[in-house]
Amino acid sequence: MMRSKILGVLALVALILAPQYLPVYAMTLLTELVILALFAMSLDLMVGYTKLVSFGHAGAYGLGAYVCALLSLHTHIPLPFVVLLSALIVGVVAIGIAWSCTMATGVSFAMLTLAFGQLGYAVAIKWVSVTGGSDGLSGIPRRLGPFGWSQLTTKTGFYLFALACLFASYFFCRALIRAPFGQVLRGIRENEMKVLALGYNTRRYKIAVVSLAYLFAGMAGALYASFAGFANPEMLFWTVSGQVLIMVIVGGKGTLIGPMLGAVFFIMVEHKLSELTETWGLFMGIIFIGFVMFAPDGILGILNKKLLRRSGQQKASQTSDPSTAAGGHSA
Amino acid sequence: MTTALECIGVGRNFGALAALAEVSLKVELGEVRAVIGPNGAGKSTLFNVIAGTLKPSGGQVIVNNEDLTGMRSQAICQKGISRTFQLSALFPEMSAFDNVRLAAQGKLTGRWKMLGGSQVLEQASSLAEQAMARLNLKEIYDTPAGTLSHGDQRLVEVAMALAQRPAILMLDEPTQGMSIQETHRTVDTLKAMLAEESLTVVLVEHDMDVVFSLADRIAVLHRGRLIADGTVEEVKADAGVQDAYLGGLD
Amino acid sequence: METFSFILIQTLNALSQASLLFFLGSGLALIFGIMRVVNFSHGALYMLGAYIGFTTARLTGSVWLAMLIAPLIVGLIGLLFEIGFLRHLYKRDEDAFLLVTFGLTLVIAEVTRLVWGAPPLQVPLPSGLDGVVFIFDEPMPLYRIFLIAAGGIASSIIWLFLERTRLGLLIRATSQNSQMVHALGTDINLIRSGVFALGCALAAVGGVLAAPSVTASLGMSSAVIDAFVIVIIGGMGSFLGAIFGSLIVACVQTFGNFFFPDFALVFLYALMLGVLIVRPGGLLGKEA
Chain X
0 MMRSKILGVL
10 ALVALILAPQ
20 YLPVYAMTLL
30 TELVILALFA
40 MSLDLMVGYT
50 KLVSFGHAGA
60 YGLGAYVCAL
70 LSLHTHIPLP
80 FVVLLSALIV
90 GVVAIGIAWS
100 CTMATGVSFA
110 MLTLAFGQLG
120 YAVAIKWVSV
130 TGGSDGLSGI
140 PRRLGPFGWS
150 QLTTKTGFYL
160 FALACLFASY
170 FFCRALIRAP
180 FGQVLRGIRE
190 NEMKVLALGY
200 NTRRYKIAVV
210 SLAYLFAGMA
220 GALYASFAGF
230 ANPEMLFWTV
240 SGQVLIMVIV
250 GGKGTLIGPM
260 LGAVFFIMVE
270 HKLSELTETW
280 GLFMGIIFIG
290 FVMFAPDGIL
300 GILNKKLLRR
310 SGQQKASQTS
320 DPSTAAGGHS
330 A
Chain D
0 MTTALECIGV
10 GRNFGALAAL
20 AEVSLKVELG
30 EVRAVIGPNG
40 AGKSTLFNVI
50 AGTLKPSGGQ
60 VIVNNEDLTG
70 MRSQAICQKG
80 ISRTFQLSAL
90 FPEMSAFDNV
100 RLAAQGKLTG
110 RWKMLGGSQV
120 LEQASSLAEQ
130 AMARLNLKEI
140 YDTPAGTLSH
150 GDQRLVEVAM
160 ALAQRPAILM
170 LDEPTQGMSI
180 QETHRTVDTL
190 KAMLAEESLT
200 VVLVEHDMDV
210 VFSLADRIAV
220 LHRGRLIADG
230 TVEEVKADAG
240 VQDAYLGGLD
Chain U
0 METFSFILIQ
10 TLNALSQASL
20 LFFLGSGLAL
30 IFGIMRVVNF
40 SHGALYMLGA
50 YIGFTTARLT
60 GSVWLAMLIA
70 PLIVGLIGLL
80 FEIGFLRHLY
90 KRDEDAFLLV
100 TFGLTLVIAE
110 VTRLVWGAPP
120 LQVPLPSGLD
130 GVVFIFDEPM
140 PLYRIFLIAA
150 GGIASSIIWL
160 FLERTRLGLL
170 IRATSQNSQM
180 VHALGTDINL
190 IRSGVFALGC
200 ALAAVGGVLA
210 APSVTASLGM
220 SSAVIDAFVI
230 VIIGGMGSFL
240 GAIFGSLIVA
250 CVQTFGNFFF
260 PDFALVFLYA
270 LMLGVLIVRP
280 GGLLGKEA
């Protein structure tokens, strides 16, 4: 416990100080990583904590990007408010989507999320007057403010803002997981039928968690649009949903931190391998399959096992022997 | 005595098969009511209809003078009926304690809280402690439920139902699959629990010894119909019951 | 007279579309019927059928030959997947299967992109079918008539096979109660692998038949959604249901495309939602 807390604080400090020490191109990469970490973490709420597999998470991401783009292009709302507002709008829209998707369970649920994601993609391409069609929207400015501050719109300032969004979201999600709500999600993950029998209206919890997941994904999308300066339909395509799913599974689902590691892993592999070979996407797919089949706890899971073994802190499994536990009064 | 639960002419069809037909019985407040019968008699069907997992094809289910016929299991639970499952339905990777705590949480207002809610969690924890203490389950607090012995799992099931402070506790074959030792232990534990606290219990059981040890009154089902209803002595002496169990089984 | 000709033309269009969808959807239905899991890579295999068909046609000069060979190759690939990977996943929860087949989709999509490149590829119409037939003075590609015939004949053959042959009976029995069939002495694994390969081959037939009309493109792998909608409408695992579902989806697409060209997708998804709400097991379904 202490070890991970220390690590956490160190990581936090390192991330905050990074702009002082890292060159510009590394900072750009780091900013992108922070945004993708948020994107991946949002999906973990669904996949890792509630066992709701989604193939359409890019829909939330892309929607957030487009909403942010439209707000930034057509209004003078300051950047931080644009990002928060975009996230909120995506969250509200997501309630309707979540309501529809939770009509079904299992595979049907996953297919519905895919359908909505593809629907978003189709809308982005066809509604040319609003979305700019297949070219998307570009030249997205970072609006000054509030109070005319220009700090948030610089590279470093923006990075710190994105980092703040990631941290705030992380702490919110962590609180959520530990709250009564989070306990119910855990139950749903392990045995939904029993949770129903215990008196919970599980559908409502699922709608809530999906909406929240979409909200944070929308926040990530809005950040990306401001970061890159554009939003295009590709951001909603199912392959992007696949990529974020890979980040969650390979990083370690159900941990919030794992998917962030997964995002780092994914981007590093992409950047390193794509210089060497055109086939990096293929490797990524194979790695993904490998993790699903042989290492379902992901990178974080592997790290945890190694750390436990090294420090000798094997959790003694408390097996209860029924014949002794009940004392001697059983005849 | 007040009636806690009443079934009036309850029926349930599966296609052309009448699994239940015209079953009417009353469960008084604070009594232990056993429902027995040979295989296929309709015990589980009746159980599931009362608990809301199945909708009846006819008849009514009235709990504390409120008509709950056809309500879903989630709503019926909120009305005060907690049940166990014949095949243990636990949360395998959660500890036994967390299992019971989640059960207790289900009846608390604020069970949905996203932020804060530590009060709710504390309340649920203390209810869970009480329930597990009643059933002598302190030793297995931290054991993952999926790794528990069969007997312990059945008891955790009961603890979960108990932690919900139900008006009516429904136990579906609690000693199913247990060894003789485990069965005795379970019966003793349940007896002690019932002695401490007056509960209304509906019990479906196959093991006659368990039934005779725990039940106040017994209802006997055969082929979906109620063929006997009364105290343990009355049912033991009933010729129709003897017939159903020993003779005429085809 | 004009409305009649319009309806006739559109119906023929819908029927040819239904044929293509039938090959796509029936494969998925058969696989689900036997294995109770959804093969997410179904759309990717459909796409692979189109691309392999393209190359075969290039190499042999005959699109007809391509239509024969591509399904065989894809069927073999599917068989190898099943034996190599998927077989080991049946015991794990359905999520693992879904994720692995999703990973397979990504892999197939990447391999396709690497081998054939990103731009769509044009497959010529098979010789003899590049003509046009006039119905009420409206031109109707002969190819579409061929598709209707192909779909009708194939669905009849497969239906007869399932209903009237011993092997077909075994397959149907396995999808209802595999343990019983196993207890009666049949090798379940053989049947499963065989049906899986058949399902993949059917998807590939759909792909290679579709290629001349729609061109082979990377976007084809999202056809798994269409396949899923068909199976949902027709009932998970029901072969007749797949035929029924294909017809419905084709009509929605064809007529929807005509009246509201931009909303056809919306209609499709609305249809899927509607069916899932009313009957989670599909209209002719076996299982929720």
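Protein sequence lines correspond, in order, to chains X, D and U.
Mapping to numbering that gives the first Met the number 0: the first sequence position 63 is 62, numbers consecutive.
Mapping to numbering that gives the first Met the number 0: the second sequence position 80 is 79, numbers consecutive.
Mapping to numbering that gives the first Met the number 0: the third sequence position 222 is 221, numbers consecutive.
Here a beta-carbon is modelled for each residue, glycine too, at the ideal position from N, C-alpha and C.
For clarity, every value in this text was computed on a predicted model and none was experimentally measured.
Backbone secondary structure at residue i - three-state DSSP
| i | result |
| --- | --- |
| U/ALA287 | Below a pLDDT of 50, predicted positions are generally treated as unreliable, and U/ALA287, at 34, falls in that range; no measurement from the model is reported. |
| X/GLY327 | The predicted position of X/GLY327 is uncertain, since its pLDDT is 37 and thus under 50; no value can be drawn from it. |
| U/PHE96 | helix |
| U/THR10 | helix |
| D/ILE35 | strand |
| U/GLY255 | helix |
| U/HIS181 | helix |
| U/PRO70 | helix |
| X/PHE54 | coil |
| U/SER174 | helix |
| U/ALA56 | helix |
| D/GLN175 | coil |
| X/VAL12 | helix |
| X/ILE76 | coil |
Residue environment, residue i, which counts as buried when at least 16 other CB atoms sit within 10 Å
| i | result |
| --- | --- |
| U/THR164 | exposed |
| U/GLY206 | buried |
| X/GLY327 | For X/GLY327, the predicted model reports a pLDDT of 37, less than 50, meaning its position is unreliable and no value from the coordinates is stated. |
| D/HIS183 | buried |
| X/PHE236 | buried |
| X/GLN317 | Reliability of the predicted coordinates at X/GLN317 is poor, the pLDDT of 41 falling under 50, and no value is obtained from them. |
| X/ALA315 | Interpretation of X/ALA315 is limited by its pLDDT of 49, a score under 50 that renders its predicted location unreliable; the figure taken from the coordinates is listed afterwards. Label assigned to X/ALA315: exposed. |
| X/THR130 | buried |
| D/THR108 | exposed |
| U/ALA210 | buried |
| D/ALA194 | exposed |
| X/PRO77 | buried |
Among the options, the one whose alpha carbon lies nearest that of residue i
| i | options | result |
| --- | --- | --- |
| D/CYS76 | D/ILE226, D/LEU168 and D/ASP151 | D/LEU168 |
| X/LEU118 | U/VAL277, U/GLN175, U/LEU275 and U/PHE266 | U/PHE266 |
| D/LEU213 | D/HIS221, D/THR174 and D/GLN241 | D/THR174 |
| D/GLY105 | D/VAL210, D/SER81, D/PRO91 and D/GLN85 | D/SER81 |
| U/PHE22 | U/SER212, U/VAL36, U/LEU183 and U/ALA203 | U/ALA203 |
| X/THR27 | X/GLY228, X/LEU197 and X/LEU281 | X/GLY228 |
| D/ILE7 | D/VAL22, D/PHE13 and D/THR1 | D/VAL22 |
| D/GLU232 | D/GLY223, D/VAL210, D/ARG222 and D/GLY145 | D/VAL210 |
| U/LEU47 | U/ARG112, U/HIS87, U/ASP94 and U/SER18 | U/ARG112 |
| U/GLY32 | U/LEU67, U/GLY240, U/ASP225 and U/GLY74 | U/GLY240 |
| D/GLY39 | D/ALA238, D/GLY229, D/GLU128 and D/ARG224 | D/ARG224 |
| D/ASN98 | X/VAL194, X/ALA13 and X/GLN19 | X/VAL194 |
| D/LEU136 | D/ASP206, D/ARG153 and D/GLU196 | D/ARG153 |
| U/LEU272 | X/SER3, X/ALA57 and X/ILE96 | X/ILE96 |
| X/PHE108 | X/LEU14, X/VAL122, X/VAL209 and X/VAL183 | X/VAL209 |
- Report the residue ranges of all alpha helix (DSSP H) runs contained in full by the region 131-183 of chain X; include only those spanning at least 4 residues, in chain order. 154-177
- Query: Closer than 9 Å, Cβ to any Cβ of chain X: which residues of the region 108-126 of chain D, in chain order?
  - Reply: So the list reads GLY109, ARG110, TRP111, LYS112, MET113, LEU114, GLY115, GLY116, SER117, VAL119, LEU120 and ALA123, given in the order they occur along the chain.
- Query: Which runs of the alpha helix (DSSP H) fall wholly inside the region 181-256 of chain X and span at least 4 residues, in chain order?
  - Reply: 201-227 and 237-250
- 4 or more residues per run - each alpha helix (DSSP H) lying fully within the region 210-253 of chain U: The region 210-253 of chain U contains these whole alpha helix (DSSP H) runs: 222-233.
- Query: Going along the chain, which residues of the region 46-58 of chain X sit with their C-beta nearer than 9 Å to a C-beta in chain D?
  - Reply: none
- Unbroken stretches of the alpha helix (DSSP H), 4 residues or longer, contained in the region 71-127 of chain D: Counting only runs of 4 or more, we get 72-77 and 95-104.
- Item | Residues, ordered as in the chain, of the region 240-267 of chain X that lie near chain U by beta-carbon distance below 7 Å | Those would be GLY241 and ILE248, in chain order.
- Message: Along the region 215-229 of chain U, where does the CB come closer than 7 Å to a CB of chain X? Name the residues.
- Response: Within the region 215-229 of chain U, the residues whose Cβ lies closer than 7 Å to some Cβ of chain X are SER221, ILE224 and PHE227, listed in chain order.
- Could you name the residues of the region 107-118 of chain X whose beta carbon sits closer than 8 Å to any beta carbon of chain U, in the order they occur along the chain? Those would be SER107, ALA109, MET110, LEU111, LEU113, ALA114, PHE115, GLN117 and LEU118, in chain order.
- Message: If the cut-off is 8 Å on Cβ atoms, which residues from the region 187-204 of chain X count as contacting chain D, listed in chain order?
- Response: GLU189, ASN190, MET192, LYS193, VAL194, LEU195, ALA196, LEU197, GLY198, TYR199, ASN200, THR201, ARG203 and TYR204
- Got a sec: which bits of the region 169-183 of chain X sit with their beta carbon under 9 Å from any beta carbon on chain D, in order along the chain? PHE171, ALA174, LEU175, ARG177, ALA178, PRO179, PHE180, GLY181, GLN182 and VAL183
- Residues from the region 284-301 of chain X in contact with chain U, defined by Cβ distance under 8 Å: GLY284, ILE285, PHE287, ILE288, VAL291, MET292 and PRO295
- Message: Can you pull out the residues from the region 93-108 of chain D whose beta carbon lies closer than 7 Å to at least one beta carbon of chain X?
- Response: Residues passing the 7 Å Cβ filter: MET93, LEU101, ALA102, GLN104, GLY105 and LYS106.
- Item | Chain-ordered residues of the region 22-52 of chain U with a beta carbon less than 7 Å from chain X | For the region 22-52 of chain U, which is checked against every Cβ of chain X, the residues closer than 7 Å are VAL37.
- Message: As an exercise, report each continuous beta strand (DSSP E) stretch of at least 3 residues that is fully enclosed by the region 180-212 of chain D, in chain order.
- Response: 199-203
- Task: Could you please tell me which residues of the region 183-194 of chain U, in chain order, have their CB closer than 8 Å to any CB of chain X?
- Result: none
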